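*Asks:* One structure, pasted below without further comment.
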Amino acid sequence: MKDLPTSTTHRLYTLLGATFVAFEGAFLVLWSNDFWFRINLVLVAVPTLVLAGLVAHLFLTWQESPRGMQFFSWLFKGQAPITYRRWLSLDDDGVTVGSRRLIWSAIDGLTVTIFGNLQIRSFALSGKSTKEPEMILKLPFGASDFANQVELVSTAEKHKPTLFTNKRLEKAVNAKPGKGEVILRNLYAAFIVILLCDISYSTFSYLELMKQYHLAQQAAKAHELEKAREYLKVAEAIQDNPPAFSYTTPKLMKDGAVAAGALRARAETLHALGDIPGAIGAAEMAHKAQPTSYKTSLLLARLLAEQGKVAEARGQVLTAIDLRADELIPYLYMMALYCQMDKRPQAERFYKQSMNTLIDEVFGEEPNWPPGSNRNLHELFSSDDVNFLFERLIKHP
Numbered sequence: 003m004k005d006l007p008t009s010t011t012h013r014l015y016t017l018l019g020a021t022f023v024a025f026e027g028a029f030l031v032l033w034s035n036d037f038w039f040r041i042n043l044v045l046v047a048v049p050t051l052v053l054a055g056l057v058a059h060l061f062l063t064w065q066e067s068p069r070g071m072q073f074f075s076w077l078f079k080g081q082a083p084i085t086y087r088r089w090l091s092l093d094d095d096g097v098t099v100g101s102r103r104l105i106w107s108a109i110d111g112l113t114v115t116i117f118g119n120l121q122i123r124s125f126a127l128s129g130k131s132t133k134e135p136e137m138i139l140k141l142p143f144g145a146s147d148f149a150n151q152v153e154l155v156s157t158a159e160k161h162k163p164t165l166f167t168n169k170r171l172e173k174a175v176n177a178k179p180g181k182g183e184v185i186l187r188n189l190y191a192a193f194i195v196i197l198l199c200d201i202s203y204s205t206f207s208y209l210e211l212m213k214q215y216h217l218a219q220q221a222a223k224a225h226e227l228e229k230a231r232e233y234l235k236v237a238e239a240i241q242d243n244p245p246a247f248s249y250t251t252p253k254l255m256k257d258g259a260v261a262a263g264a265l266r267a268r269a270e271t272l273h274a275l276g277d278i279p280g281a282i283g284a285a286e287m288a289h290k291a292q293p294t295s296y297k298t299s300l301l302l303a304r305l306l307a308e309q310g311k312v313a314e315a316r317g318q319v320l321t322a323i324d325l326r327a328d329e330l331i332p333y334l335y336m337m338a339l340y341c342q343m344d345k346r347p348q349a350e351r352f353y354k355q356s357m358n359t360l361i362d363e364v365f366g367e368e369p370n371w372p373p374g375s376n377r378n379l380h381e382l383f384s385s386d387d388v389n390f391l392f393e394r395l396i397k398h399p
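Residue numbers for the sequence shown follow my numbering, so the first one is 3 and each next one is one higher.
Structure (structure tokens):
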């Protein structure tokens, strides 16, 4: 029996994809737990990526083993879920794919789909009354190199001169890739390796950044202000001074939802330390990084209202309402601000306007049929939301 393995390039791409999935799994574990707080994650970013690569390699190898294929047989029927190193095997009697074997006389067709999958076809199940032989096995055709592809097709044609093929298969086995194409694929794989290293560094930098903000808030709550300022200083250094060698870290720290989340954490930390103007500045930076975040608008509203800048706070609440017209919290914020200003008539008018909007956006014309099927608001209130609302509604009746 002659084994036709996958190409080196295919193995590398497959391993890189699985490594990324394993690394993201590690990221989620770290994000969900705090057992690692004694470690500086930035220093172990690349080693963790290497470990993720090892785990990915072991899994990919195992799922191609007899035990692995048996484990997944209920879903993949004797084939490995992912083609990694083993493509197929040939001998004088037939072809073996995974743990499935076909004799040459049962193979009546080989075709390649638009997605690059090789379909092994046979009349054995459907009979020759059908127009085309039925597909009984499928595997990625491009997973192996050109020589192995040609050998498979030529061997099948040798045993079945009437072999059914399609134009995609014929084009693939007659178009030998040039050396430049192979070099380009390998260079692209090398680029992905570098990119993964950069992503591992940037994501672990983000975790370390959020850890420092978290520790700063904890220390501020415990009235350990000096310690809190030290944590804040470390966090700001990570966020404001991304390394020049990293491409993804500045993108992660400056723009988009991730950057906005980190800047909100900075604003909350500064607020805990009593630096309200600094907190407002950080929240404004978060709004600039992600203008569509209504959470940032509500954070700014809370900070501005605390400074007595109620008119500016109302502007932020109106922005939040524009962004989330179907959520209750921004409307409650506005009514709480009217109560803070002792403007009850305006609050009542705003209530009526809000109900009209919510009827259009959420409730519809009630009663709905069948009875009990009226639509509901599903709100998530943070402690900051509850404190902001209750303080104003209670203190400013």
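Note that the Cβ used here is the ideal one computed from N, Cα and C, for glycine as well. Computed from a predicted model, the values in this text were never measured in an experiment.
(1) Grab me the residues of T21's own chain with a C-beta within less than 6 Å of its C-beta, minus the 5 sequence neighbours each way, in chain order.
(2) Between P293, S295, R304, Y353, which has its C-alpha nearest I278's C-alpha?
(3) Only counting the same chain, and skipping five residues up and downstream in sequence, which positions put a Cβ closer than 7 Å to that of Y353?
(4) Helix, strand or coil for P68, going by three-state DSSP, please let me know.
(5) Bridge partners for I105 per DSSP, in chain order?
(6) On the three-pair Cβ rule with 8 Å, is the segment 173-180 touching the segment 4-12?
(7) Can you check which of these residues, F29, L171, L209, is closest to N42 by C-alpha distance?
(8) Closer than 8 Å is the cut-off here; do at least three beta carbon pairs connect the segment 261-275 with the segment 210-220?
(9) Assuming A230 and A221 are in contact, meaning their beta carbons sit under 8 Å apart, how far apart are those beta carbons, in whole angstroms?
(10) Mark W89 as exposed unless 16 or more other C-beta atoms lie within 10 angstroms of its C-beta, in which case mark it buried.
(11) Quick one: residues in its chain with C-beta nearer than 6 Å to the C-beta of L302, no 5 flanking neighbours on either side, listed in chain order?
(12) How would you call V114, buried or exposed, if buried means at least 16 neighbouring beta carbons within 10 angstroms?
(13) Does the structure place the segment 145-157 close enough to the segment 90-106 that three or more beta carbon pairs sit under 8 Å?
(14) How big is the Cα-Cα spacing for F117 and A145?
(15) Would you decide whether A246 is buried or exposed? Buried here means 16 or more other CB atoms lie within 10 Å of its CB.
(16) What is the residue span of the beta strand (DSSP E) that T113 lies within?
(17) How many whole angstroms separate the CB atoms of L141 and N119, which I take to be in contact at a CB cut-off of 8 Å?
(18) State the CB to CB distance for the pair S356 and Y333, rounded to an integer number of angstroms; the pair is presumed to be in contact (CB under 8 Å).
(19) Would you decide whether Q65 is buried or exposed? Buried here means 16 or more other CB atoms lie within 10 Å of its CB.
(20) Got a sec? Which residues, its chain only, sit under 6 Å from P399 by beta carbon, not counting five neighbours each side?
(21) So what does DSSP say about R88, is it helix, strand or coil?
(22) What do you get for K235, buried or exposed, if any count of 16 or more other CB atoms within 10 angstroms of its CB means buried?
(23) Among all the DSSP beta bridges, which residues are the ones paired with N35?
(24) Within 10 Å of its beta-carbon, does I185 have 16 or more other beta-carbons around it, so buried, or fewer, so exposed?
(25) The alpha helix (DSSP H) spanning L320 covers which residue range?
(26) Does the CB of L211 have a neighbour CB from chain D at under 8 Å?
*Replies:* For this structure:
(1) A54, G55, A58
(2) R304
(3) M337
(4) helix
(5) G96
(6) no
(7) L209
(8) yes
(9) 4 Å
(10) buried
(11) A285, Q318
(12) buried
(13) yes
(14) 12 Å
(15) exposed
(16) 111-114
(17) 7 Å
(18) 4 Å
(19) buried
(20) Residue placement at P399 is flagged as unreliable, the pLDDT there being 49, under the threshold of 50; the coordinate-derived value follows with that caveat. Once the five neighbours on either side are set aside, P399 has no close Cβ partner at all.
(21) strand
(22) exposed
(23) Answer by DSSP bridge pairing: none, since N35 is not bridged.
(24) exposed
(25) 312-325
(26) The structure shown contains no chain D; it holds only a single protein chain.
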